[in-house]
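> Okay, so the sequence shown: first residue is 37 according to the working numbering, each after it adds one. A single structure is presented below for examination.
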Amino acid sequence: MEKRYQVFVSSTYEDLKEERKRIIETLLNAKFFLAGMELFTASNEEQFLYIKKIIDYCDYYVLILGARYGSIDKETGKSFTEMEYDYAIAQNIPVLAFVHSDPENVVANKREKNNIKLFNEFRSKVLKNSKMSKLWSENYELAADIIVSLFQMVDEHPRVGWVRGGENVEELLAQINRLRIENDKLARSNEELKDLLQDKKSADNLAQDEDIIKVTGIRYDNKDEYDPEFDMPVTIRINQKKRSCSLTWNALLQAVAPICFTGCKEYEFRNAINELCQEKIHEGNYDISQKSFDVIRFQMLALNWISIEKSYNDIEVDDICLTNEGKKEFMDKVTIKKHLQ
């Protein structure tokens, strides 16, 4: 049964884009599985915990060191590239390091400017591991040197590897990372809500149920006109007046819950509140002020009735969804109870 090996390719990114592209294409053509920064959204401490798990699953580790040190972790004072390298060494994963032979003569926009001392120390450390490091200078030679060295490493240090299954490993790794990001987002949201409501009394002290909130906004009428510049009809606002109205939190919850039961956009959530205000003032249309809208959102968030997350399918648009607590509260308000005799 054919065995394939997974390789973690580590390097700084912006200065080595072309080299990485060529290396990745070469390794994929040679039927290696690839893992590296292409799977990750950013360099940070939390993400590094996940990167370590990926390195654990890899059979071999390849470091490409050009003329930059890379992004630095504030806690360790090391670049994430050096942290990856140190971790692979510590886990006894076979390492191949390819170090640029003349970093001082690399073009200026690809050279280290701020952390030269750290870069030189890292470079020296890698070169001391002479059995695992090689010098390179030309892009076109680098990918070929890596593939030759990897095949030699496989012969001398065979690893567990992967046997063909029903999933594409690169796609599976990407899916795992996407799920991890979503899980992290949910965990952070849950922790934030727990912090807000860890003291039950603090929730009890928040306005809710039949408590009144006074909201402000603009009452207006719509008028259809013809725009000759664009040759089309347009709707404009007329008779605009500042108007306020008083609403209960029960009424607000019942207005927004149906549309955000399974999730809605912020503008849909706002429209539901505007329609409730229109019913209250019995005249024209209504547009709630941003200040009043924010108060309602954050109050419902503090009451754990809704959750708010950024949507990545739209530009900076919030997705608002009813929480389990919000659903329970809503159902309790609208369901018909049996009359006991």
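Beta carbons: idealized from backbone N, C-alpha and C, even for Gly.
1) Beta carbon of Gln276, beta carbon of Tyr256: below 8 Å?
2) Please report the distance separating the alpha-carbon of Lys364 from that of Ile356.
3) What residue does the beta strand (DSSP E) around Cys281 start on, and which one ends it?
4) Return the chain-ordered ranges of every beta strand (DSSP E) run that is complete within the stretch 83–167 and spans a minimum of 3 residues.
5) Can you tell me whether Phe366 is buried or exposed, with buried defined as 16 or more other CB within 10 angstroms of its CB?
6) Just checking my contact of Ile90 with Ala71 at CB under 8 Å: how many whole Å lie between their CB atoms?
7) If you follow the alpha helix (DSSP H) that Thr252 is in, where does it begin and where does it stop?
8) Residues in its own chain within less than 8 Å of Asp138 by CB, not counting five upstream and five downstream?
9) How should Asp247 be labelled, buried or exposed, when 16 other C-beta atoms within 10 angstroms of its C-beta is the threshold for buried?
10) What's the gap between the Cα of Ala133 and the Cα of Phe116?
11) Enumerate, from N- to C-terminal direction, the unbroken alpha helix (DSSP H) stretches of 4 or more residues contained entirely within the stretch 279–365.
12) Identify the continuous beta strand (DSSP E) that holds Lys170 and give its terminal residues.
13) Which residue marks the beginning of the beta strand (DSSP E) containing Phe423, and which one marks its end?
14) Less than 7 Å between C-beta atoms, sequence neighbours within five positions excluded: which residues of the same chain meet that for Val370?
15) Please check the pair Leu358 and Cys296, which I expect to be a contact at CB under 8 Å, by giving their CB distance rounded to whole angstroms.
16) Would you kindly work out how many angstroms separate the C-alpha atoms of Val43 and Ser343, rounded to a whole number?
17) Within 10 Å of its beta-carbon, does Phe69 have 16 or more other beta-carbons around it, so buried, or fewer, so exposed?
18) Starting from Tyr176, trace the alpha helix (DSSP H) both ways and give me its first and last residue.
19) Suppose the cutoff is 6 Å on Cβ atoms and the five residues either side in sequence are ignored; what does the same chain contact list for Ser282 look like?
20) Please state whether the Cβ-Cβ distance between Leu312 and Leu339 is less than 8 Å.
21) In terms of residue numbering, what span does the alpha helix (DSSP H) encompassing Ile60 cover?
22) Is there contact between the stretch 183–198 and the stretch 147–164, where contact requires at least three CB pairs shorter than 8 Å?
23) Under three-state DSSP, which class holds Lys369?
24) Please state the DSSP three-state secondary structure of Lys237.
25) Cβ atoms of Asn151 and Tyr105: under 8 Å apart, would you say?
26) On a Cα-Cα basis, can you pick out the residue from Asp95, Gln326 and Asn307 that is closest to Trp198?
27) Sort Ile254, Asp109, Gln244 and Gly102 by Cα distance to Ile332 and report the nearest one.
28) Let me know if Ile324 comes out buried or exposed under the rule of 16 or more other beta-carbons within 10 Å of its beta-carbon.
29) By alpha-carbon positions, which one of Leu52, Met168 and Tyr176 ends up nearest to Glu192?
30) Please name the residue in Ile372, Asp368, Tyr322 and Lys114 whose C-alpha comes closest to that of Leu154.
31) Does the CB of Glu54 have a neighbour CB from chain C at under 8 Å?
Put simply:
1) Translated into the one-based positions of the sequence shown, residue 276 becomes position 240. Translated into the one-based positions of the sequence shown, residue 256 becomes position 220. Yes; because the gap between Cβ atoms is below 8 Å, this pair is in contact.
2) The residue given as residue 364 occupies position 328 in the sequence shown. The residue given as residue 356 occupies position 320 in the sequence shown. Lys364 and Ile356: Cα-Cα distance of roughly 16 Å.
3) One-based indexing of the sequence shown puts residue 281 at position 245. Its beta strand (DSSP E) spans residues Met268 to Thr284.
4) 96–101 and 131–136
5) Indexing the sequence shown from 1 puts residue 366 at position 330. Buried: at least 16 other Cβ atoms inside 10 Å.
6) By 1-based counting over the sequence shown, the position of residue 90 is 54. By 1-based counting over the sequence shown, the position of residue 71 is 35. Their Cβ separation, rounded to whole angstroms, is 5 Å, which keeps Ile90 and Ala71 in contact under 8 Å.
7) Numbered from its first residue, the sequence shown carries residue 252 at position 216. It is not in any alpha helix (DSSP H) - Thr252 instead sits in the beta strand (DSSP E) that spans Ile248 to Asp263.
8) If you number the sequence shown from 1, residue 138 lands on position 102. So the list reads Ser173, once near-sequence residues are dropped.
9) Here residue 247 refers to the residue found at position 211 of the sequence shown. Classification for Asp247: exposed.
10) Stepping through the sequence shown from its first residue, residue 133 is reached at position 97. Stepping through the sequence shown from its first residue, residue 116 is reached at position 80. Cα to Cα, the separation comes out at about 16 Å.
11) 285–296, 302–317 and 326–338
12) Position 134 of the sequence shown, counting from 1, holds the residue named residue 170. That run of the beta strand (DSSP E) goes Ser169 to Trp172.
13) Residue numbering for the chain in the displayed model covers 37 to 377; residue 423 lies beyond these limits and cannot be assessed.
14) In the sequence shown, the residue the question calls residue 370 occupies position 334. For Val370, where only same-chain residues beyond five positions count, the Cβ hits under 7 Å are Gln290.
15) Along the sequence shown, read from residue 1 onward, the residue named residue 358 stands at position 322. Along the sequence shown, read from residue 1 onward, the residue named residue 296 stands at position 260. That pair is a contact at about 5 Å.
16) Looking up residue 43 in the sequence shown gives position 7. Looking up residue 343 in the sequence shown gives position 307. Approximately 39 Å, taken between the alpha carbons.
17) Working through the sequence shown from its first residue, we reach residue 69 at position 33. When all chains shown are included, Phe69 counts as buried.
18) Translated into positions along the sequence shown, residue 176 becomes position 140. Tyr176 -> alpha helix (DSSP H) spans Asn175 to Glu192.
19) Looking up residue 282 in the sequence shown gives position 246. Cβ within range, chain order: Ile248 and Lys250.
20) Counting from 1 along the sequence shown, the entry for residue 312 is found at position 276. Counting from 1 along the sequence shown, the entry for residue 339 is found at position 303. The answer is no: Cβ separation not under 8 Å.
21) On the sequence shown, position 24 is the one that residue 60 refers to. Element bounds for Ile60: Lys53 to Asn65.
22) no
23) Stepping through the sequence shown from its first residue, residue 369 is reached at position 333. Helix at Lys369.
24) In the sequence shown, residue 237 corresponds to position 201, counting from 1. Any reading at Lys237 must be qualified, since the residue scores a pLDDT of 46, below 50, and its modelled position is unreliable; the value itself is stated next. Helix at Lys237.
25) As a first step, residue 105 is located in the sequence shown; it is residue number 69 there, counting from the start. As a first step, residue 151 is located in the sequence shown; it is residue number 115 there, counting from the start. For Tyr105 and Asn151, yes; Cβs fall inside 8 Å.
26) Translated into positions along the sequence shown, residue 198 becomes position 162. Answer by Cα proximity: Asp95.
27) Translated into positions along the sequence shown, residue 332 becomes position 296. When each option's Cα is compared against that of Ile332, the closest is Gln244.
28) Start at 1 with the first residue of the sequence shown, and residue 324 comes out as number 288. With 16 or more other Cβ atoms within 10 Å, it is buried.
29) In the sequence shown, the residue the question calls residue 192 occupies position 156. Measuring from the Cα of Glu192, the nearest candidate turns out to be Met168.
30) Stepping through the sequence shown from its first residue, residue 154 is reached at position 118. Per the Cα distances, Lys114.
31) In the structure shown, chain C does not exist; there is a single protein chain.
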